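*Asks:* Following the working numbering, the numbering of the sequence shown begins with 11 at its first residue and continues without gaps. Where is the CB? At the ideal position from N, CA and C, for every residue including glycine. Quantities reported herein were computed from a predicted structural model and do not represent experimental measurements. Below is the structure I would like to discuss, written out as structure tokens.
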Amino acid sequence: MGGDGDNPNKMKKFYDSLIQQGTKWFDKSKKAISKLDLKKTFSKFNIKSVAGDKRFNIKVVNKKRFMINMAALSVIIVGITYFVFANNAFSVVINGVEVAKVKHKETAEEVITALKQSYEKENDVEVAFSSQISYEKVNASKKELLEGKALEEKLKGHLDYQVKCAVIYADDKPIATLKTKEEVDKVLSGVEQYYTKGVDLSKIKEKGFSEKVEVKEEFMDVSTVMNVEEAQNYIINGTTEVRIHKVEAGESFWSISRKYGISLEDLQRANPTANPEKIKIGQELNLVVPKSLINVKTVEEVTYTDKIPYEQKLEYSSSMYKDQTQVRVKGEYGEKEVKAEVVKINGIESERIILSENVTKEPKTQILVKGTKEPPPKKGTGTFITPTRGTVTSRFGYRWGRNHNGLDIAAPVGTAVKAADGGEVIFASTSGNYGKLIKIDHGGGFVTYYGHLSKISVKVGDKVYKGQTIGAVGTTGRTTGPHLHFEIRKNGNPVNPSKYL
11 MGGDGDNPNK MKKFYDSLIQ QGTKWFDKSK KAISKLDLKK TFSKFNIKSV
61 AGDKRFNIKV VNKKRFMINM AALSVIIVGI TYFVFANNAF SVVINGVEVA
111 KVKHKETAEE VITALKQSYE KENDVEVAFS SQISYEKVNA SKKELLEGKA
161 LEEKLKGHLD YQVKCAVIYA DDKPIATLKT KEEVDKVLSG VEQYYTKGVD
211 LSKIKEKGFS EKVEVKEEFM DVSTVMNVEE AQNYIINGTT EVRIHKVEAG
261 ESFWSISRKY GISLEDLQRA NPTANPEKIK IGQELNLVVP KSLINVKTVE
311 EVTYTDKIPY EQKLEYSSSM YKDQTQVRVK GEYGEKEVKA EVVKINGIES
361 ERIILSENVT KEPKTQILVK GTKEPPPKKG TGTFITPTRG TVTSRFGYRW
411 GRNHNGLDIA APVGTAVKAA DGGEVIFAST SGNYGKLIKI DHGGGFVTYY
461 GHLSKISVKV GDKVYKGQTI GAVGTTGRTT GPHLHFEIRK NGNPVNPSKY
511 L
């Protein structure tokens, strides 16, 4: 590193050459002087010869003029000597700025080499200076020249360096910088493990990244280097940002998502281990939605049993009302053994490729019967039918030390419950010991109760006809087994249903 300059051997040759040229010049000068007309030459310097004895004597005619001429000649000689010998130092130029002067550029190069070694030891990795270093010949006094510690401190303040790193690229874009390729391997392995956690790896046919992932060695600023944990979290989340919300009293997933303008789906993605239905006061929720910079792709070969849907055939019957439907032959699903390749991105299925299907059970067609008969009017007639099929297990009257206000008809859970007469539904909800309860107003002061239901098929305000299915037998409320509790009330008072059925 550095510019051009003369080493000590070249300087010696230069001085030897200068002496040889000076000798030649002196010899030529002697010959030239011997041929000079001394009278004319001395007259130019205000000097004249004085005759007397055999020795040659000179006399200064004009002392003032002689002194001026001699001073000028001295300046010329000193100037020539300075320009020949004074260009004896080098300036160290970093990024176009002179930062120090040295006697020999080797002095600066030795300090720069020592600094490089110091940085490499400090970072435990190869380094390279990113600053542009050059040298220029200059005239410098001894006081201006630097060396040793002073030179080191001066250069250290101006030299920028980069460290040799392993850079992870995804689809030709740099995403993370680490010290070594070994650390990169740990990061990529950690990302894979994060997205394949809980997966039976023996079933994985292929595993890799969706993106083109490369690792390149480059010199980078030391501030960009991450450790393994930082790089792994950054790649998984797509950011180093941390935003946390601590759950307060009265808050829900929905209210928190509205507060921060995050969709429920994104809030769940950001908190995969949290139960949206059971968050607790003080629980910390992550508000940063992960957007992985590298996506893990797996291909899993699976074998499973799948259902084959059954067909449905419709028949008609004049013995049934138009709004009634009955299953005559219950359909059954078929079964097939399926072999498929399941493609997942970050553990979420993105594609399923069916390789083969083998039917192991044929489906059975379901036959429905739909009525064609017009239903009776949806109003009370004054007569009632038994609301469900079953066995009467408890009648109206005194029972277990208190009055029993209706009939208990035992039947399997799910058995259809029908309106005992036409009328309007005035209650369809849960009511204490009754459990799920339906009340129908039939007019004329008559209201019927249907309690302990497992299912309610009507709503308040519906008009129903006698025999219309309104619910199903169950065990809700206070009960010792599946049955229908049926009451008839007239003008608000319970009456014996057996007298009206």
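#1: Pop quiz: Val121 and Glu193 are said to be a contact at Cβ under 8 angstroms. What is the actual Cβ separation, rounded to whole angstroms?
#2: What are the start and end residues of the beta strand (DSSP E) that includes Glu325?
#3: Are the Cβ atoms of Met236 and Val173 separated by less than 8 angstroms?
#4: Check Phe406 in the structure and name its three-state DSSP category.
#5: Considering only their Cβ atoms, is the gap separating Gly455 from Asn501 smaller than 8 angstroms?
#6: Measuring only the C-alpha atoms, how far is Tyr475 from Arg412?
#7: What is the rounded straight-line gap between the Cα of Asp182 and the Cα of Leu303?
#8: Smallest Cα separation from Asp316: which of Asp333, Val369, Leu324 and Lys340?
#9: So, does the CB of Glu193 fall closer than 8 angstroms to a CB anywhere in chain D?
#10: Taking contact to mean 3 or more Cβ pairs, one atom from each stretch, closer than 8 angstroms, check whether the region 440 to 459 and the region 291 to 298 are in contact.
#11: For Glu202 and Leu274, what's the separation of their Cα atoms in angstroms?
#12: Using the three-state DSSP reduction, which class does Ile358 fall into: helix, strand or coil?
#13: Tell me the start and end of each unbroken alpha helix (DSSP H) in the region 162 to 232 that is at least 4 residues and wholly inside, in chain order.
#14: Return the chain-ordered list of same chain residues with a C-beta closer than 6 angstroms to the C-beta of Ser141, the five sequence neighbours on each side being excluded.
#15: Around the Cβ of Gln478, are there at least 16 other Cβ atoms within 10 angstroms (buried) or fewer (exposed)?
#16: According to DSSP, is Tyr314 helix, strand or coil?
#17: Can you tell me whether Pro397 is buried or exposed, with buried defined as 16 or more other CB within 10 angstroms of its CB?
#18: Please confirm whether Tyr326 and Lys383 have their CB atoms less than 8 angstroms apart.
#19: Which of helix, strand or coil does DSSP assign to Gln376?
#20: Comparing the CB of Tyr444 with every heavy atom of the ligand NAP, is any distance shorter than 7 angstroms?
#21: Using 8 angstroms as the Cβ pair cut-off and three pairs as the minimum, do the region 202 to 221 and the region 252 to 272 touch?
#22: Does the structure place the region 128 to 139 close enough to the region 147 to 155 that three or more beta carbon pairs sit under 8 angstroms?
#23: So, Tyr320 versus Pro373, is the Cβ gap smaller than 8 angstroms?
#24: The beta strand (DSSP E) with Ile143 in it runs from where to where?
#25: Any contact of the region 350 to 364 with the region 400 to 411, i.e. 3+ C-beta pairs under 8 angstroms?
#26: Name the residue from Thr187, Ala180, Glu130 and Glu116 whose alpha carbon lies nearest to the alpha carbon of Leu156.
#27: Is it buried or exposed for Thr490, if we count other Cβ within 10 angstroms and need 16 for buried?
*Replies:* Well, looking at it:
#1: No, Val121 and Glu193 are not in contact; Cβ-Cβ is about 32 angstroms, not under 8 angstroms.
#2: Gln322 to Tyr331
#3: no
#4: coil
#5: yes
#6: 33 angstroms
#7: 12 angstroms
#8: Val369
#9: In summary, chain D is missing from the structure at hand, where a single protein chain is found.
#10: no
#11: 26 angstroms
#12: strand
#13: 191 to 205
#14: Ile104, Asn105, Leu169 and Asp170
#15: buried
#16: strand
#17: buried
#18: no
#19: strand
#20: With respect to the ligand NAP, the structure shown offers nothing to examine, as it has no ligands at all.
#21: no
#22: no
#23: yes
#24: Ile143 to Val148
#25: no
#26: Glu116
#27: exposed
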